[in-house]
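**Student:** First to last, the sequence lines map onto chains A and B.
The first sequence begins at 1 in this note's numbering and counts up by one.
The second sequence begins at 1 in this note's numbering and counts up by one.
Ideal Cβ positions, reconstructed from N, Cα and C, are used throughout, including at glycine.
Predicted model only: the values in this text are computed from it and were never measured.
There are 2 protein chains.
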Amino acid sequence: MQHRPQHQFSPEERASVYELMALRRDTRHFKAGSRVEPEQVQRLLQAAHQAPSVGLSQPWRLLRISSPELRQALALAVERERQATAEALNERREEFLRLKVEGMQDCAELWVIVLAPDDGTLFGRRTLPREMVLASVGCVVQNLWLAARAENLGLGWVSMFDPAEVAALLHLPAGALALGLLCLGPVDSFYPAPMLEMEGWRHARPLDEMFYTDRWPAHEESAPADLS
Amino acid sequence: MQHRPQHQFSPEERASVYELMALRRDTRHFKAGSRVEPEQVQRLLQAAHQAPSVGLSQPWRLLRISSPELRQALALAVERERQATAEALNERREEFLRLKVEGMQDCAELWVIVLAPDDGTLFGRRTLPREMVLASVGCVVQNLWLAARAENLGLGWVSMFDPAEVAALLHLPAGALALGLLCLGPVDSFYPAPMLEMEGWRHARPLDEMFYTDRWPAHEESAPADLS
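(1) Please list the partners that B:Met210 has in chain A, where partner means a Cβ-to-Cβ separation under 9 Å.
(2) Would you give the residue range spanned by the beta strand (DSSP E) that B:Val158 belongs to?
(3) Can you tell me which residues form a DSSP beta bridge with B:Phe211?
(4) Any C-beta of chain B within less than 8 Å: which residues of the region 13-24 of chain A qualify?
(5) Which residue marks the beginning of the alpha helix (DSSP H) containing A:Glu13, and which one marks its end?
(6) Determine whether the beta carbon atoms of B:Val187 and B:Thr27 lie at a separation below 8 Å.
(7) For the alpha helix (DSSP H) containing A:Leu144, list its first residue and its last residue.
(8) Per the DSSP calculation, A:Gly185 is bridged to which residue(s)?
(9) When the cut-off is 8 Å and only beta carbons count, does B:Thr27 lie next to chain A?
(10) Could you confirm whether any beta carbon from chain A is found closer than 8 Å to the beta carbon of B:Gly124?
(11) Take every Cβ of the region 150-166 of chain A, pair it with every Cβ of the region 197-207 of chain A, and state whether three or more of those distances are shorter than 8 Å.
(12) Suppose you measure from the CA of A:Ala51 to the CA of A:Arg80; what does that come to, to the nearest Å?
(13) Between A:Pro68 and chain B, is there a C-beta pair that is closer than 8 Å?
(14) Under 8 Å between the Cβ atoms of B:Leu70 and A:Asp214?
(15) Can at least three beta-carbon pairs, one atom from the region 93-100 of chain A and one from the region 112-121 of chain A, be found at a separation below 8 Å?
(16) List the residues of chain A whose Cβ lies closer than 7 Å to the Cβ of B:Ser136, in chain order.
(17) Cβ closer than 8 Å: which chain A residues qualify as neighbours of B:Ala88?
(18) Tell me whether B:Val36 sits in a helix, a strand or coil according to DSSP, three-state version.
(19) For B:Asp214, go through chain A and note every residue whose CB falls closer than 7 Å to its CB, in chain order.
(20) In three-state terms, what does DSSP make of A:Ala116?
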């Protein structure tokens with residue numbers, strides 16, 4: 001790729017980026033029996049690697065799951081946690097169980113995003129050590145999500161699992177933490193809106209209730225419980 | 001903007017997205033006396049709002065700092081933490097103090113990204129409640145970062161501050177946590193590489209040491225301390 005640090009993005013390029021952000025979806029439906037091309041894998045990994053991180057600490061690793069038995073074990077871990085979540089949701093239990101919450105079986109590729117053991121980086125995280133590495137992992141996955149949609153692939157971040165169970169399956173060392181099972185691959189179609197909105201599970205808060213000036217507003221002093 | 005959920009991104013659109021990811025930089029040098037146009041602010045906010053979040057919980061708020069006195073107070077908080085970080089770095093103290101770590105005074109816009117009080121969302125975070133909202137905030141800032149570069153603006157995430165001090169300045173309620181002071185605005189030029197690499201502070205780990213298959217590799221059983 002060309003390296004043009006001073007490149008001025010054109011209105012057309014910008015519109016394309018904004019359309020990408022608008023069309024990116026958390027995906028749970030994949031085309032069974034499909035694959036991701038090796039050159040796509042390389043471009044996706046490059047996008048992950050270009051994500052920012054606090055103090056250039058890059059506090060993440062990606063594991064690609066190649067073993068069908070391991071994928072199956074991870075899918076079982078997710079199913080166990082899905083049932084546990086259903087129980088915790090009480091009155092929304094049945095409604096929750098009707099939702100499709102993961103595409104672990106059908107996705108072409110299954111990757112795991114892992115928080116690496118703390119390397120002691122101080123730059124930018126002396127006061128917020130845990131928070132800043134977790135936010136950095138979010139930046140990595142967002143790059144992957146956007147890159148996947150730009151490749152016309154779906155990506156779903158599955159976080160329903162017992163981290164100890166996943167750590168044992170992946171032989172993670174002490175201090176490492178699996179944060180997401182990333183389901184990736186071709187889809188038959190892309191959702192026109194977030195699936196949780198389409199299914200009536202939850203609706204997004206409008207932007208004007210999320211952007212304030214100079215101080216937190218008095219009317220939002222406490223957060224209402226949202227059992228979902 | 002058109003809404004074309006099934007849009008297939010072209011190789012040219014994809015190349016533009018990858019160039020954007022490659023050129024995005026954490027920015028500490030801004031053009032003094034410049035401004036961000038209101039329509040750019042709206043597009044940036046829209047990009048933030050389109051970020052994914054665990055269970056559609058949108059666990060973030062953005063505060064725009066309009067008061068010069070408040071900006072000054074926040075800049076002082078950062079300077080205090082910069083000195084505290086320098087002390088903690090021991091033998092790298094002087095080297096650290098020569099780095100430019102923030103552009104709080106010169107940036108056209110100063111925004112604060114805040115983790116909202118926990119609303120009790122269970123979907124996707126029963127086992128990882130804190131981790132998943134923090135990662136979600138990372139997704140929001142990554143969208144902002146990419147959108148800013150697509151607008152030919154710089155953005156810097158400053159996380160050197162005492163969160164209690166910032167919470168008091170912004171009247172944050174219990175449970176809310178400021179995670180970043182986002183310096184945003186026009187720049188004279190964009191860095192050709194991460195500033196911490198250009199200054200010789202730290203070098204990025206290569207991708208092939210971050211992508212594994214099926215299990216954590218035996219050679220990376222523990223993380224070496226990196227006092228930086």
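**Tutor:** Reading off the structure:
(1) The contacting residues are Leu45, Ala48, His49, Gln58, Trp60, Arg61, Leu62 and Ala116.
(2) Element bounds for B:Val158: Gly154 to Val158.
(3) In DSSP, B:Phe211 forms a bridge with A:Leu62.
(4) Within the region 13-24 of chain A, those residues whose Cβ lies closer than 8 Å to any Cβ of chain B are, in chain order, Glu13, Arg14, Ala15, Ser16, Val17, Tyr18, Glu19, Leu20, Met21, Ala22, Leu23 and Arg24.
(5) Per DSSP, the continuous alpha helix (DSSP H) segment holding A:Glu13 begins and ends at Pro11 to Leu23.
(6) A contact, by the Cβ cut-off of 8 Å.
(7) Here the alpha helix (DSSP H) through A:Leu144 covers Pro129 to Ala150.
(8) Bridge pairing for A:Gly185: A:Gly154 [DSSP].
(9) False, the Cβ-Cβ gap to chain A never drops below 8 Å.
(10) B:Gly124 counts as touching chain A.
(11) Fewer than three Cβ pairs drawn from the region 150-166 of chain A and the region 197-207 of chain A lie within less than 8 Å of each other, which leaves the two stretches out of contact.
(12) Cα to Cα, A:Ala51 sits roughly 32 Å from A:Arg80.
(13) A:Pro68 does not count as touching chain B.
(14) Yes, Cβ-Cβ distance for B:Leu70 and A:Asp214 is below 8 Å.
(15) Flag = no, the region 93-100 of chain A and the region 112-121 of chain A do not touch.
(16) Here the neighbours are Gly138.
(17) Within 8 Å of the CB of B:Ala88, the CB atoms of chain A belong to Leu122 and Arg126, in sequence order along the chain.
(18) The three-state reading of DSSP puts B:Val36 in coil, since its state is none of H, G, I, E or B.
(19) Within 7 Å Cβ-Cβ: Leu63, Ile65, Ser66, Ser67 and Leu70.
(20) Residue state, collapsed to three classes: coil.
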